[in-house]
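Q: This is the structure I want to talk about, given as structure tokens.
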Amino acid sequence: MTDVLAVDDDPQILRALRVNLVARGYTVHTASTGAEALRAAAAHKPDVVILDLGLPDLDGTEVIHGLRGWTTMPIIVLSARVDSIDKVIALDAGADDYVTKPFGMDELLARLRAAIRRGAAAPATSSNEITVGSLAIDLAAKQVTRDGATVRLTPTEWGILELLVRNAGKLVTQKHILTTIWGPEYENESHYLRVYLAQLRRKLEDNPARPRILITEPGMGYRFIG
0 MTDVLAVDDD
10 PQILRALRVN
20 LVARGYTVHT
30 ASTGAEALRA
40 AAAHKPDVVI
50 LDLGLPDLDG
60 TEVIHGLRGW
70 TTMPIIVLSA
80 RVDSIDKVIA
90 LDAGADDYVT
100 KPFGMDELLA
110 RLRAAIRRGA
120 AAPATSSNEI
130 TVGSLAIDLA
140 AKQVTRDGAT
150 VRLTPTEWGI
160 LELLVRNAGK
170 LVTQKHILTT
180 IWGPEYENES
190 HYLRVYLAQL
200 RRKLEDNPAR
210 PRILITEPGM
220 GYRFIG
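Quick note on numbering: numbering that gives the first Met the number 0 labels position 20 of the sequence shown as 19, and the sequence is numbered without any gaps.
Dropping the structure here:
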């Protein structure tokens, strides 16, 4: 049975999605905010996400970024935004398809089936084991070793590290890290990141004062260099 996470702040649309999907044999989870969506995705690991962009707390593109930090599950955007720039931004963020409102249920279901087929046929993701010098990071086991010894990380430290590692080489913005790890209400609390990045560097870097793995991009965010 295929699990679907439907995210929309319009209760009537959520109800219509649930009724139609359940009638066709899908298991349906729902969320009405971006924070709820991220929590539900982490808890239920759905096979596909149907996502509205106009959420009350987070823009849908932020939710896409949050999901793409750890999963390749198909994401279908369902939005009233019809401008091509909105579509480009959503697709560049990692969405797999874009359906505009008002929408036909038959078309949405066809797009959903196609997204699930593509997801099932997608090649396996790259290795979950990353080695940088004496540092070894196993994403599947959620384990870090340095010189063969286990490095003990707090859940928050691990969450930040995993997000950066899964976006290796890419700039991950402060706002994206804060909203993904702590929630949207913390998007301006950049001092949280400074504290945790300092702790991670002490545990992982050969010279925490001159980091070579966890790089700060001043005023923007952080980058993992593998």
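In this text, a Cβ means the ideal position worked out from N, Cα and C, and glycines have one as well.
The structure displayed is predicted, hence computed values, not measured ones.
Report whether the distance from the Cβ of Val76 to the nearest heavy atom of the ligand MN is below 7 Å.
A: Looking at this structure, you won't find the ligand MN or any other ligand, since it has none at all.
Q: Does the Cβ of Ser133 have 16 or more other Cβ atoms within 10 Å, making it buried, or fewer, making it exposed?
A: The residue is exposed, with fewer than 16 neighbouring Cβ atoms inside 10 Å.
Q: By DSSP's criteria, Arg209 is part of a beta bridge. Which residues make up the other side?
A: The partner list for Arg209 (beta bridge, DSSP) is empty, contrary to what the question assumes.
Q: With the cut-off set at 8 Å, would you say Leu66 and Val98 are in Cβ contact?
A: Contact: no.
Q: Flag this pair as touching only if the segment 77 to 95 and the segment 175 to 187 have three or more C-beta atom pairs under 8 Å; answer yes or no.
A: No, they do not touch.
Q: Given Leu13, which residues of its chain have a CB within under 8 Å of its CB, disregarding the five upstream and five downstream residues?
A: Counting only Cβ-Cβ distances below 8 Å, and skipping sequence neighbours, we find Ala5, Asp7, Thr29 and Ser31.
Q: Among the candidates Gly220, Arg193, Thr144 and Leu138, whose CA atom is the shortest distance from the CA of Val294?
A: Limits of the chain in this structure are 0 at one end and 225 at the other, which puts residue 294 out of reach.
Q: Is the distance from the Cβ of Leu2 to the Cβ of Ala34 below 8 Å?
A: The sequence shown places Asp at residue 2, rather than the Leu named in the question. No, Cβ-Cβ distance for Asp2 and Ala34 is not below 8 Å.
Q: State buried or exposed for Asp146, treating a residue as buried only when at least 16 other CB atoms are found within 10 Å of its CB.
A: Asp146 comes out exposed.
Q: Using a threshold of 8 Å, state whether the C-beta atoms of Leu111 and Ile75 are closer than that.
A: Cβ distance < 8 Å, so Leu111 and Ile75 count as in contact.
Q: Name the two residues that bound the continuous beta strand (DSSP E) containing Val81.
A: Where Val81 is concerned, there is no enclosing beta strand (DSSP E), given that its DSSP letter is neither H nor E.
Q: Around the C-beta of Asp91, are 16 or more other C-beta atoms found within 10 angstroms, so that it is buried, or is it exposed?
A: Looking at its Cβ environment, which holds fewer than 16 other Cβ atoms inside 10 Å, Asp91 is exposed.
Q: In its own chain, which residues sit with a C-beta less than 6 Å from the C-beta of Arg116, not counting the 5 before and 5 after it?
A: Contacts found: none.
Q: Where do the N-terminal and C-terminal ends of the alpha helix (DSSP H) with Leu20 fall, by residue?
A: That run of the alpha helix (DSSP H) goes Pro10 to Ala22.
Q: Answer with buried or exposed for Asn166, where buried requires no fewer than 16 other C-beta atoms within 10 angstroms of its C-beta.
A: So Asn166 counts as buried.
Q: Going by the beta-carbon positions, is the gap between Ile63 and Ala113 smaller than 8 Å?
A: It is not a contact, given that the beta carbons lie outside the stated cut-off.
Q: Give me the residue from Asn187, Asn206, Leu196 and Ala148 with the minimum Cα distance to Thr155.
A: Selected option, being the one with the closest Cα: Leu196.
Q: So what does DSSP say about Tyr25, is it helix, strand or coil?
A: Coil, per DSSP.
Q: Anyone know if the C-beta pair for Leu152 and Lys202 falls short of 8 Å?
A: Contact flag set, yes.
Q: Mind checking which residues open and close the alpha helix (DSSP H) that includes Leu50?
A: Looking at the DSSP string, Leu50 is not in any alpha helix (DSSP H); the run it does join, the beta strand (DSSP E), is Val47 to Leu50.
Q: Output the residue ranges of the alpha helix (DSSP H) runs that lie fully inside the segment 52 to 79 and measure 4 residues or longer, sorted by chain position.
A: Complete alpha helix (DSSP H) runs here, min 4: 59 to 67.
Q: With a CB to CB cut of under 6 Å and the five nearest residues on each side skipped, what residues in its chain are close to Ala135?
A: Once the five neighbours on either side are set aside, the close Cβ partners of Ala135 are Thr144.
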